[in-house]
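Visitor: In the UniProt record's numbering, the protein residues as written are 1 to 406.
Right under this line is the structure:
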């Protein structure tokens, strides 16, 4: 029970941290006031006496004050918006957030931390594209049936009763209960509907085009991996492991070329929750690239960043200096693992040098993740023993005083 309570409190603290600005973040007006649409009386507002925009709680009010009515978006007691009760959400919107957490817990964390009406819009946006992607990924559906569905998927957003019940994919609930998602889509402001429907239409067309494309020559295969092996399955053969890793390194090097644009884009964001929403997936992706670089295990099993590492990245990537430090850390990690014999080694060093020039700090990010788990365990044990010792000492002293009085 204690462990469960501890876990709940930790997750609650984690989700609250996602919406708290760093000290240098811009402070908006309205700090110290309740969010619009929050039914709680003024006496129930925690930190209501904090100065405008001061401290974490004051900055939280600065952003919540601009929220759309009924904008809270959690389906559990560990809500990002801790003020508004869950009753402020419609049953269909609660269901959408349930599907969001079921289909992507990592994206759910950053989406639920968005401000105001943006939170619901991005949640529905994600679920619509998740439904589209689920349809495309289902290999049990024939191409003849799938292509027309992909072409028309954006139109289904305006058909209240449309659903698809023939999918065998693990996320099929977003297709089977699509009326719930499309209902909340139609409840969004028109400006959000236009963007979501347009992107859905364009993605559906692109997916259908790929399905209709018949590969007839080697030139139509991907230009990168086609230079290393004849068939994609050849990468799984032990005798091709060196070629597989070389191909992997080239693909990762290509991906690193996007980082300068990522840094430029993030540096222009001013809304804290939007910054978190964009920055956290980026640093997690970069950490994953670092874990995969020159790693044979990619072709033998699953390579993922550790859960503790992911949580630390989510906690740290809330401001631009921290993001730059994180990127610098992983670029150095890759740089020191570049094999001199690798065909793309020169290009890898060049792009990392370019990234270094973007004002990245020549230092490591001071972070909880840099302490060994054994040290953390030791500190926790020491704290527990100290507390036990002080409690015992206090009790003995109290008994001694009482004995002396008698």
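Cβ atoms here follow ideal geometry from the backbone N, Cα and C, with glycine treated the same way.
Tell me the rounded alpha-carbon separation between residue 182 and residue 130.
Guide: Computed Cα separation, rounded: 13 Å.
Visitor: Give the single residue among 248, 320, 207 whose Cα lies nearest to the Cα of residue 267.
Guide: It is 320 whose Cα lies nearest to the Cα of residue 267.
Visitor: The alpha helix (DSSP H) with residue 185 in it runs from where to where?
Guide: Its alpha helix (DSSP H) spans residues 178-187.
Visitor: Using a Cβ distance threshold of 8 Å, determine whether the segment 242-252 contacts the segment 343-361, with at least three qualifying pairs required.
Guide: Contact between the segment 242-252 and the segment 343-361 is present, because at least three Cβ pairs lie under 8 Å.
Visitor: Residues in the same chain with beta-carbon distance under 7 Å from residue 236, minus the five sequence neighbours each way, listed in chain order, please.
Guide: Hits under 7 Å: 299.
Visitor: Contact check, residue 289 vs residue 322 under 8 Å by CB: the rounded distance?
Guide: Not quite, the Cβ-Cβ distance comes to about 18 Å (not below 8 Å), so this is no contact.
Visitor: Shortest alpha-carbon distance to residue 145 belongs to which of 157, 164, 158, 128?
Guide: It is 164.
Visitor: Once DSSP output is grouped into helix, strand and coil, what is the label at residue 305?
Guide: Correct three-state label for residue 305: coil.
Visitor: How long is the line joining the alpha carbons of residue 205 and residue 139, rounded to whole angstroms?
Guide: C-alpha separation (whole angstroms): 18 Å.
Visitor: Distance check for residue 232 and residue 294, CA to CA, integer angstroms please.
Guide: About 18 Å.
Visitor: Using three-state DSSP, classify residue 168 as helix, strand or coil.
Guide: Coil.
Visitor: Any heavy atom of the ligand ZN closer than 6 Å to the beta-carbon of residue 177?
Guide: Inclusion of the ligand ZN in the displayed structure is not the case, the ligand content being empty and no account of it being possible.
Visitor: Quick check on residue 154: does DSSP put it in helix, strand or coil?
Guide: Residue 154: helix per DSSP, three-state reduction.
Visitor: Using the rule of at least 16 other Cβ atoms within 10 Å of the residue's Cβ for burial, across every protein chain shown, is residue 194 buried or exposed?
Guide: Residue 194 should be labelled exposed.
Visitor: According to DSSP, is residue 287 part of a helix, a strand, or is it coil?
Guide: Residue state, collapsed to three classes: helix.
Visitor: Expressed to the nearest angstrom, what Euclidean distance is found between the alpha-carbon atoms of residue 30 and residue 271?
Guide: Legend: pLDDT at residue 30 = 34, less than 50; position of this residue unreliable, value from coordinates given subsequently. Answer to the nearest angstrom: the Cα atoms are 15 Å apart.
Visitor: Determine the DSSP secondary structure at residue 193, reduced to helix, strand or coil.
Guide: Residue 193 falls in the helix class under three-state DSSP.
Visitor: Nearest-angstrom Cα distance between residue 203 and residue 90?
Guide: Using only the alpha carbons, I get a separation of about 29 Å.
Visitor: For residue 277, which of 118, 102, 93 has the nearest alpha-carbon?
Guide: When each option's Cα is compared against that of residue 277, the closest is 118.
Visitor: Please classify residue 126: is it buried, with 16 or more other beta-carbons within 10 angstroms of its beta-carbon, or exposed?
Guide: Classification of residue 126: buried, given that the 10 Å Cβ count is 16 or more.
Visitor: Exposed or buried, what is residue 99 when buried is set at 16 or more other beta-carbons lying within 10 Å of its beta-carbon?
Guide: Buried, since its Cβ has 16 or more Cβ neighbours within 10 Å.
Visitor: Does DSSP put residue 276 in a helix, a strand or coil?
Guide: In this structure, residue 276 counts as helix in the three-state DSSP scheme.
Visitor: Near residue 296, which residues of its chain fall below 7 Å by C-beta distance, leaving aside the five closest residues on each side in sequence?
Guide: The residues are 241, 245.
Visitor: So what does DSSP say about residue 250, is it helix, strand or coil?
Guide: Three-state result, residue 250: helix.
Visitor: Might you give, ordered along the chain, the residues of its own chain that have their beta carbon closer than 7 Å to the beta carbon of residue 339, omitting 5 neighbours on each side?
Guide: If we look at residue 339 and ignore the five residues flanking it on each side, its Cβ neighbours are 294, 345.
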